[in-house]
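FYI, the numbering for the sequence shown is 1 to 139, going by our numbering.
Glycine is no exception: its CB is placed at the ideal position from the N, C-alpha and C atoms.
Since the structure comes first, as structure tokens, the remarks are kept for the end.
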Amino acid sequence: MKRELQTPTDERLEQALRALPRVKPANDLAARIIATLPPPRAAAHARALGALMALAAALGIGLAYQTAFDMSMRGAFDLLADYTAQPAIVTLYPRQAFDALAQAIPWFMVALSASALGLAAFLAARLTARTRAALWQRV
Numbered sequence: 001m002k003r004e005l006q007t008p009t010d011e012r013l014e015q016a017l018r019a020l021p022r023v024k025p026a027n028d029l030a031a032r033i034i035a036t037l038p039p040p041r042a043a044a045h046a047r048a049l050g051a052l053m054a055l056a057a058a059l060g061i062g063l064a065y066q067t068a069f070d071m072s073m074r075g076a077f078d079l080l081a082d083y084t085a086q087p088a089i090v091t092l093y094p095r096q097a098f099d100a101l102a103q104a105i106p107w108f109m110v111a112l113s114a115s116a117l118g119l120a121a122f123l124a125a126r127l128t129a130r131t132r133a134a135l136w137q138r139v
């Protein structure tokens, strides 16, 4: 749509802009711009990183489920229910209560599932780092 000029100042500005000499771009301008751009991240690398992230997340979730199942079988949730129903146990015998709960928790599985989930979070951050950086540069 062509907009109509409303004031004489707008008309004078348009005439002044039309009177300016136009500089033609260099023939190799596009090639020079492309040469200064960073090389694109390889799609195979991004796919591999995404696959590793999905694998680590699935492994972490599976291990977390197994950890919760082991805690249930060892009676850790029952101990917590008893401690909340009868807080006198914890206040009168804190050391014994903690030791009983610590023995019911599969610490190796907790550490393993936390490590797998932490790795998945790290890979997700790596996968989206360039996108976030590009978004912040536009703001």
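| Asked | Found |
| --- | --- |
| Here's the rule I'm using: 16 or more other beta-carbon atoms within 10 Å means buried, otherwise exposed. How should residue 67 be labelled? | buried |
| Tell me the rounded alpha-carbon separation between residue 34 and residue 25. | 15 Å |
| Under three-state DSSP, which class holds residue 16? | helix |
| For residue 110 and residue 45, what's the separation of their Cα atoms in angstroms? | 30 Å |
| Compute the beta-carbon to beta-carbon distance between residue 104 and residue 71, rounded to the nearest angstrom, for a pair I have assumed lies under 8 Å. | 7 Å |
| Here's the rule I'm using: 16 or more other beta-carbon atoms within 10 Å means buried, otherwise exposed. How should residue 8 be labelled? | exposed |
| Where do the ends of the alpha helix (DSSP H) carrying residue 94 lie? | 94-104 |
| Can you find at least 3 beta carbon pairs, one from the segment 76-85 and one from the segment 9-18, that sit closer than 8 Å? | no |
| Along the alpha helix (DSSP H) that carries residue 32, what are the first and last residues, could you check? | 29-36 |
| If distances are taken between C-alpha atoms only, which option among 19, 63 and 101 comes closest to residue 77? | 101 |
| Under 7 Å Cβ to Cβ from residue 123, same chain only, skipping five residues before and after it: list those, please. | 49, 52, 53 and 56 |
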